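A short write-up of the structure that comes next.
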Amino acid sequence: MARNVDAIILSAVSENGSSRTVRRASEAGIPVICYNTCINQKGVDKYVSAYLVGDPLEFGKKLGNAAADYFIANKIDQPKIAVINCEAFEVCVQRRKGFEEVLKSRVPGAQIVANQEGTVLDKAISVGEKLIISTPDLNAIMGESGGATLGAVKAVRNQNQAGKIAVFGSDMTTEIAQELENNQVLKAVVDISGKKMGNAVFAQTLKVINKQADGEKVIQVPIDLYTKTEDGKQWLATHVDGLP
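With our numbering applied, the sequence shown corresponds to residues 661 to 904, in that order.
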């Protein structure tokens, strides 16, 4: 703020922890643009100029549909699913709610047997392994974030459960795309393209700075679903730089 910038763009590390910074910027007359994650809703309404995000409920519904397709195709009518979460953020809570809503509407016997935090890769691997060991008849793990997804896949492999426990995940990266291409453990990924998000954030920031914004504060960004080996292969071919 001391540098007299025209705007601040951020993805909040914590809904509450970032609130003071956002409030101070707003009070100094500097517009704040959030992407992917932001401060709490009350703070967004009061201090944020724009918040670009893929609808997290719809995000979860897409993943829930993919999971339902898998269970139905494999004649698993009472699947047990564990969740590795990032629910310090409301968007992650909404992802799970969307996932559960669609999955249980299509596979009524589906059961969420555990829901534990594991956003960072190392922790997600540890949490995933403990969930697998404590639930011998586990059918799948849902990862609410990229770290949770990759951690779940590695946990399944570490416990020699590849081909037995499926993973349904979030947020594409090179390693996640490689796992989808392999398709032995990871069966579906829902993602908000970083490139699409970046372009949208840049365009909206210019509108805010130039006072051309239309007043819509929360702006939806497209959500993509990847389910096949070919999807993983194509993502890798179009993201050779590794940037999502």
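Quick reminder that beta carbons are idealized off the backbone N, C-alpha and C, glycines included. Quick caveat: nothing in here was measured; it's all calculated off a predicted structure.
Alpha-carbon to alpha-carbon, residue j and residue i
| i | j | result |
| --- | --- | --- |
| phenylalanine 862 | glutamate 750 | 24 Å |
| proline 716 | tyrosine 695 | 13 Å |
| aspartate 737 | lysine 814 | 26 Å |
| arginine 680 | asparagine 664 | 18 Å |
| valine 845 | phenylalanine 731 | 14 Å |
| alanine 926 | cysteine 698 | Nothing about residue 926 can be reported from this structure: the residues present for the chain run from 661 to 904 only. |
| lysine 706 | glutamate 890 | 44 Å |
| aspartate 831 | isoleucine 852 | 7 Å |
| alanine 748 | serine 674 | 7 Å |
| isoleucine 883 | lysine 702 | 25 Å |
| valine 704 | glycine 689 | 15 Å |
| arginine 817 | glycine 778 | 17 Å |
| valine 900 | glycine 858 | 17 Å |
| lysine 871 | lysine 722 | 35 Å |
| isoleucine 772 | glutamine 819 | 20 Å |
| asparagine 700 | glycine 803 | 23 Å |
| lysine 824 | asparagine 734 | 11 Å |
| cysteine 746 | glutamate 718 | 17 Å |
| alanine 770 | asparagine 843 | 22 Å |
| alanine 873 | asparagine 676 | 26 Å |
| leucine 866 | glutamate 876 | 15 Å |
| threonine 809 | proline 768 | 24 Å |
Distance CB(residue i)-CB(residue j) smaller than 8 Å
| i | j | result |
| --- | --- | --- |
| glycine 811 | leucine 840 | no |
| alanine 964 | glycine 807 | Beyond the ends of the chain as shown, which are 661 and 904, falls residue 964; an answer cannot be given. |
| alanine 822 | threonine 795 | no |
| valine 787 | isoleucine 741 | no |
| leucine 798 | alanine 848 | no |
| valine 692 | valine 708 | yes |
| valine 850 | alanine 667 | no |
| glycine 720 | arginine 755 | yes |
Anticipated Cβ contact below 8 Å, residue i with residue j, distance rounded
| i | j | result |
| --- | --- | --- |
| alanine 726 | threonine 887 | 5 Å |
| lysine 763 | glycine 724 | Here residue 763 turns out to be leucine, not lysine, going by the sequence shown. Leucine 763 to glycine 724, Cβ: 4 Å. Contact. |
| valine 881 | lysine 856 | 6 Å |
| glycine 854 | leucine 903 | 6 Å |
| serine 805 | cysteine 752 | 7 Å |
| alanine 672 | proline 739 | The pair is not a contact, with the Cβ atoms about 34 Å apart (cut-off 8 Å). |
Three-way DSSP call (helix, strand, coil) for residue i in this model
| i | result |
| --- | --- |
| threonine 795 | coil |
| tryptophan 891 | Reading the sequence as shown, one finds aspartate at residue 891 and not tryptophan. Aspartate 891 falls in the helix class under three-state DSSP. |
| serine 686 | helix |
| glycine 803 | strand |
| glutamine 821 | coil |
| valine 881 | coil |
| glutamate 789 | helix |
| leucine 781 | helix |
| threonine 865 | helix |
| glutamine 844 | coil |
| isoleucine 732 | helix |
Residue i at chain B interface by Cβ criterion, 8 Å
| i | result |
| --- | --- |
| asparagine 775 | No chain B appears in this structure, which consists of one protein chain only. |
Residue i: CB within 7 Å of a non-hydrogen atom of the ligand GTP
| i | result |
| --- | --- |
| methionine 802 | Ligands displayed in this structure: none; no statement on the ligand GTP is therefore possible. |
I want to know whether the segment 675-685 touches the segment 855-873 - three or more CB-CB distances under 8 Å.
Too few Cβ pairs lie closer than 8 Å, so no.
How do the segment 750-765 and the segment 786-798 stand: do at least 3 beta-carbon pairs fall below 8 Å, yes or no?
no
For the 8 Å Cβ check, are there 3 or more pairs between the segment 888-898 and the segment 830-840?
With the cut-off at 8 Å, the segment 888-898 and the segment 830-840 touch.
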